[in-house]
Amino acid sequence: MESPLLSVKFFHPVLNPRLVQRSGLVERLNSGLESGHWLTLVSAPAGYGKSTLVAGWISQLGFPSAWLTLDEADDDPARFLKYLVAALQQVCGPCGQEFLGLLAAGSLPPHETLVTSLVNDLSNLSQPFALVLDNLQVIQDPWIHEFLSRWVLHRPPNLIMALTTREDPLLPLARLRANNCLTEVRAADLCFSESEAAALLTGMMGLDLAASDVSKLNGRTEGWVAGLQLAGLSLQGRGNPGAFVDSLSGSHRFILGYLTEEVLGCQPASIQDFLLETAILSHLHGDLCDAVTGGDHSAEVLEGLLAANLFIIPLDDEQQWYRYHHLFADLLRAQLQRTRPELVNTLHDRASLWYEEHGFPEEAIDHAVAAKNFERAVPLLENNIWRWINQGSMRRVEGWMKDIPPEWQIKSPRANLGLAWVHLLRGHFSQIDPYLEKVNASLALLDAAAPETLEMRTESMALRSNLRQVQGRLEESIALAEQVLALTHPDNLKLRGFAFLSLGGAFRQQSRFPEAREAYLQAIAVCRASDNLVSEILALSGLTLMCVHHGHLRFAIETASDTVARLESSCQTPPPIIGAIYGAMGLIYYEWNELETARMYLQRGLQTGVYSGHNASIVYSRVAMARLQQGEGDLTGAAENLADAAQQYRRGAPLWTLADLISQQVSLSLAQNRPAAAEAALKESRITAQDEITPQNERILLAHLRLLLYQGRSGQKERLQEGLKLADRLTAAAESGQREGILLQVLVLEAQLRAAAGDLSGGRQTMEQAVTIAQGEGYRRIFLDEGAPVMELLQKVQGEGAAAYARELLGLFRTPSDLPSASQGELLEPLTERESEVLTLLAQGLKYADIAERLVVSVNTVRYHVKGIYGKLGVEKQTQAVEKARMLGLL
Amino acid sequence: MPPAHPETKIGDQRTYRLRLVGSVDEDFFRTICPAGSAFQQEGELFTLSNIQTDQSGILGLVRGLHNLGCIIIELSII
Numbered sequence: 009m010e011s012p013l014l015s016v017k018f019f020h021p022v023l024n025p026r027l028v029q030r031s032g033l034v035e036r037l038n039s040g041l042e043s044g045h046w047l048t049l050v051s052a053p054a055g056y057g058k059s060t061l062v063a064g065w066i067s068q069l070g071f072p073s074a075w076l077t078l079d080e081a082d083d084d085p086a087r088f089l090k091y092l093v094a095a096l097q098q099v100c101g102p103c104g105q106e107f108l109g110l111l112a113a114g115s116l117p118p119h120e121t122l123v124t125s126l127v128n129d130l131s132n133l134s135q136p137f138a139l140v141l142d143n144l145q146v147i148q149d150p151w152i153h154e155f156l157s158r159w160v161l162h163r164p165p166n167l168i169m170a171l172t173t174r175e176d177p178l179l180p181l182a183r184l185r186a187n188n189c190l191t192e193v194r195a196a197d198l199c200f201s202e203s204e205a206a207a208l209l210t211g212m213m214g215l216d217l218a219a220s221d222v223s224k225l226n227g228r229t230e231g232w233v234a235g236l237q238l239a240g241l242s243l244q245g246r247g248n249p250g251a252f253v254d255s256l257s258g259s260h261r262f263i264l265g266y267l268t269e270e271v272l273g274c275q276p277a278s279i280q281d282f283l284l285e286t287a288i289l290s291h292l293h294g295d296l297c298d299a300v301t302g303g304d305h306s307a308e309v310l311e312g313l314l315a316a317n318l319f320i321i322p323l324d325d326e327q328q329w330y331r332y333h334h335l336f337a338d339l340l341r342a343q344l345q346r347t348r349p350e351l352v353n354t355l356h357d358r359a360s361l362w363y364e365e366h367g368f369p370e371e372a373i374d375h376a377v378a379a380k381n382f383e384r385a386v387p388l389l390e391n392n393i394w395r396w397i398n399q400g401s402m403r404r405v406e407g408w409m410k411d412i413p414p415e416w417q418i419k420s421p422r423a424n425l426g427l428a429w430v431h432l433l434r435g436h437f438s439q440i441d442p443y444l445e446k447v448n449a450s451l452a453l454l455d456a457a458a459p460e461t462l463e464m465r466t467e468s469m470a471l472r473s474n475l476r477q478v479q480g481r482l483e484e485s486i487a488l489a490e491q492v493l494a495l496t497h498p499d500n501l502k503l504r505g506f507a508f509l510s511l512g513g514a515f516r517q518q519s520r521f522p523e524a525r526e527a528y529l530q531a532i533a534v535c536r537a538s539d540n541l542v543s544e545i546l547a548l549s550g551l552t553l554m555c556v557h558h559g560h561l562r563f564a565i566e567t568a569s570d571t572v573a574r575l576e577s578s579c580q581t582p583p584p585i586i587g588a589i590y591g592a593m594g595l596i597y598y599e600w601n602e603l604e605t606a607r608m609y610l611q612r613g614l615q616t617g618v619y620s621g622h623n624a625s626i627v628y629s630r631v632a633m634a635r636l637q638q639g640e641g642d643l644t645g646a647a648e649n650l651a652d653a654a655q656q657y658r659r660g661a662p663l664w665t666l667a668d669l670i671s672q673q674v675s676l677s678l679a680q681n682r683p684a685a686a687e688a689a690l691k692e693s694r695i696t697a698q699d700e701i702t703p704q705n706e707r708i709l710l711a712h713l714r715l716l717l718y719q720g721r722s723g724q725k726e727r728l729q730e731g732l733k734l735a736d737r738l739t740a741a742a743e744s745g746q747r748e749g750i751l752l753q754v755l756v757l758e759a760q761l762r763a764a765a766g767d768l769s770g771g772r773q774t775m776e777q778a779v780t781i782a783q784g785e786g787y788r789r790i791f792l793d794e795g796a797p798v799m800e801l802l803q804k805v806q807g808e809g810a811a812a813y814a815r816e817l818l819g820l821f822r823t824p825s826d827l828p829s830a831s832q833g834e835l836l837e838p839l840t841e842r843e844s845e846v847l848t849l850l851a852q853g854l855k856y857a858d859i860a861e862r863l864v865v866s867v868n869t870v871r872y873h874v875k876g877i878y879g880k881l882g883v884e885k886q887t888q889a890v891e892k893a894r895m896l897g898l899l
Numbered sequence: 004m005p006p007a008h009p010e011t012k013i014g015d016q017r018t019y020r021l022r023l024v025g026s027v028d029e030d031f032f033r034t035i036c037p038a039g040s041a042f043q044q045e046g047e048l049f050t051l052s053n054i055q056t057d058q059s060g061i062l063g064l065v066r067g068l069h070n071l072g073c074i075i076i077e078l079s080i081i
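Chains as they are written, first to last, in this note's numbering: chain L, 9 to 899; chain H, 4 to 81.
Set out below in structure tokens:
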């Protein structure tokens, strides 16, 4: 049996050839299409023939069309998007593979990413194709509306789209109307004219009605198709139709209720029962209806209903699956609730059982929840939760959790644990504790000694350990992880993997390299053995990042490259969480000055990081990208990346990502000649230059050191001495912690401090020390990023090995920011006195108008001087001019 | 039973006024409301007037704004 989910939603309604032809409306839609109206909106209440009109119109267009009938369960972004792609694949072939890969990540990527991916896939199709979204009013989720808004504004060029809905969707309809893209058909257009009513009643339904009765009936129902059809059904076999017609009055709902009872009353008792009992089903199948009604010939009954025109719609060519017209189903359900309320739960229960037995757990849960049979719903949820989480159906799972009463929720520790893991991965740390509380409450109700209880308790502990680790509560995290390891059997690789991952992260933040490395390697091994790909990737990325600070670049890149190669060759589409490794590898290639490789890895890291929703990797990849751009002189790009990183951090990222972010903010602010901004960033960190050094704060203290160097060079000589004291403390801490990557940064800054303080010999010696350490692992950017002052010091480096590496580094100073220090005299054309004045004021952040006022010249004169400055310095932007001038010693 | 509102049938277009509280900007209203609609803002209170649409249009607008977290204060036919 085909899945009703994967097939019947895509079938175009099967049209009865005797249906009333609506040629006027079809002509209007065709005319709209010829005028470039690629979007058709059919918006009217239920029962106006919206789907029938669109199905008839689409069928005569003569090009491929996809049809997607939406239902309430589709009001979930992940599910909606999956069905949208599946519908498009019906006509466009294997499109949307990347799109589906993004959804498989379990987190919704940004709208523009998804729209771009899908539009790109569909843009190459040579012929037009149509997409119909039927029953769109069930979609109320603002995320989906936003997606659809972007989709209709950036659609593939060959797409023609039709929407049927009971109410206008929240799309930019005004813009589409103004841009002449939209044809609208509304209730007033869909009302039957008298001739159409006559065609329905006397033609299609074969009623013997006088023209005056047809006219009166059409007037009473206001041309409402469903009302006319129900009236026609009620009139079949009835004498004196005129009196019946006269009796009809009131609102649609009243007429509808009245007529439905009339129509039902005309049916044999067995058919009435069948209609009411199967009204709880969104899709009808012979077997399913047998299970729900207890009958044994439902397939024939369904065929009979179709023949009798009783508001039943076939959903497939084989006529195995049907559905009731939505309006009719609503009325039948209301009738069932009114007349046999005691039966409703039993019917849902039977449906749930059938769906479960036939492999449709989602529908099984829907009906179990509707039956309030939580004893069925909860195990169904627990047994399938990871599948749905991996599919990205979080919204649906959370919806069920809301429908399940608290007393049953706490009986579902596995479901609560699953949801807590997802929030941890996405950085929603504040949302985890409520789930953990429910886990604890539910575990308290179970047999404490049962192996399953113990396992879940231990998993909860592993989860808390990881949570505490990302929150920076390291001792607590380590204690919990060690408890997990003590409690679990060595064969329980899943839990041991979680524990080792947490331990690695906590030890890394404590700068305990050997322990962290051992824990990470253990995590990688056990996660690989247990196919826990996500944890394996996270452990490897943590190990790689740690190695950058500790000076083990080669080991890190070898380990990471092996895993990336394995994943890329073994998985058709590696999971997007792999972006965490790409970002970390990008950092190492940057240190090695392999800029294009670094950029490639960082870009891939960012792209996949966005898809996976792994905020930590987005933050550190953006920070690294900012550093790369700053190194290339693109300060604007660097600022944008840092702003994005800061925003991402606020959305929820581990505490350990903050130090590098602040450090880079300081570096950029100083490169922009904005010391106040640098000071503000440091103040926000609440870590002062006098604080005791810890592995957590040392990168922020390095940023303090950079600021002191800047201030010292700007004339505050006492800052240089403060800097040297701080450098001493940082050196001692980095040496004792064997963090060579950090030590190098300290030494390179310290060498510049000494030189700036006039101790050229001390500066040279410190630089020699740095070069000696750096050459082993090939650190380069630590020197190159500092520009001319470091170049000068490198030129003075002595000693056989160090001098050779220094010469290699000197050969790499190529970009404008790497240019050696030069005097005004070394410019091809020196700046005029006025240009120097303008440059100085530009560096102070003054606008052209302010400079003009200060120098008592016109703004145009200032522009003229600025142009001259740019030309002489060989730059194109103000920030570049200031930076270059600083490096040339012109400021 | 007499019609609930003899002046307005289900498919008729009418001119509506909607007052709501919410943090939605005017540009957004302009993209979703029919042409000719007017907007007035006093702090967080918005008045959308001259909305010419039918029942499906006004229902979709109200529900969409509700889904975005807006609080509907008043809806009337002018």
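For every residue, glycine included, the Cβ atom is placed at its ideal position computed from N, Cα and C.
Supposed close pair residue i, residue j - CB separation, criterion 8 Å
i, j, result
"H:L51", "H:R17", "So it is not a contact: roughly 14 Å between Cβ atoms."
"L:L61", "L:L198", "7 Å"
"L:G235", "L:L267", "7 Å"
"L:S59", "L:P21", "5 Å"
"L:G587", "L:R612", "7 Å"
"H:L23", "H:I75", "5 Å"
"L:S519", "L:P703", "3 Å"
Spatial distance of residue i from residue j (CA atoms)
i, j, result
"L:E599", "L:M633", "12 Å"
"L:L839", "L:I877", "7 Å"
"L:E467", "L:F508", "13 Å"
"L:I418", "L:A207", "59 Å"
"L:A94", "L:W75", "10 Å"
"H:K12", "L:R174", "15 Å"
"L:P118", "L:T571", "28 Å"
First and last residue of the uninterrupted alpha helix (DSSP H) at residue i
i, result
"L:A452", "440-452"
"L:W232", "Segment: none, L:W232 is in no alpha helix (DSSP H) and carries neither H nor E."
"L:V253", "249-255"
"L:L351", "349-365"
Terminal residues of the beta strand (DSSP E) in which residue i lies
i, result
"L:S15", "Taken as a continuous stretch (DSSP letters only), L:S15 belongs to no beta strand (DSSP E), as it is neither H nor E."
"L:D142", "137-142"
"L:R174", "No beta strand (DSSP E) contains L:R174, which DSSP labels as neither H nor E."
"L:P322", "320-322"
Neighbour flag for residue i against chain L, beta carbons, 8 Å
i, result
"H:Q58", "yes"
"H:L78", "no"
"H:R66", "yes"
"H:T34", "yes"
"H:L62", "yes"
"H:G14", "yes"
"H:A41", "no"
C-beta neighbour in chain H for residue i, strict 8 Å
i, result
"L:T823", "The predicted position of L:T823 is uncertain, since its pLDDT is 49 and thus under 50; a value taken from the coordinates is nonetheless stated next. It does not: the Cβ of L:T823 has no partner Cβ on chain H nearer than 8 Å."
"L:A234", "no"
"L:L225", "no"
"L:C199", "yes"
"L:A686", "no"
CB contact check: residue i to chain B, cutoff 8 Å
i, result
"L:Q148", "The displayed structure is made up of protein chains L and H, and chain B is not among them."
(message) So if I threshold CB-CB distances at 9 Å, which residues from the region 68-85 of chain L count as touching chain H?
(response) Answer set for the region 68-85 of chain L: empty.
(request) Return the residues of the region 160-185 of chain L that lie within a Cβ-Cβ distance of less than 8 Å from chain H, sorted by chain order. (result) Within the region 160-185 of chain L, the residues whose Cβ lies closer than 8 Å to some Cβ of chain H are T173, R174, E175, D176, P177, L178, L179, P180, L181, A182, R183, R185, listed in chain order.
(message) Please list, in chain order, the residues of the region 45-61 of chain L that have any C-beta partner in chain H closer than 7 Å.
(response) With the criterion set as a beta carbon lying under 7 Å from some beta carbon of chain H, the members of the region 45-61 of chain L are S51, A52, P53, in sequence order.
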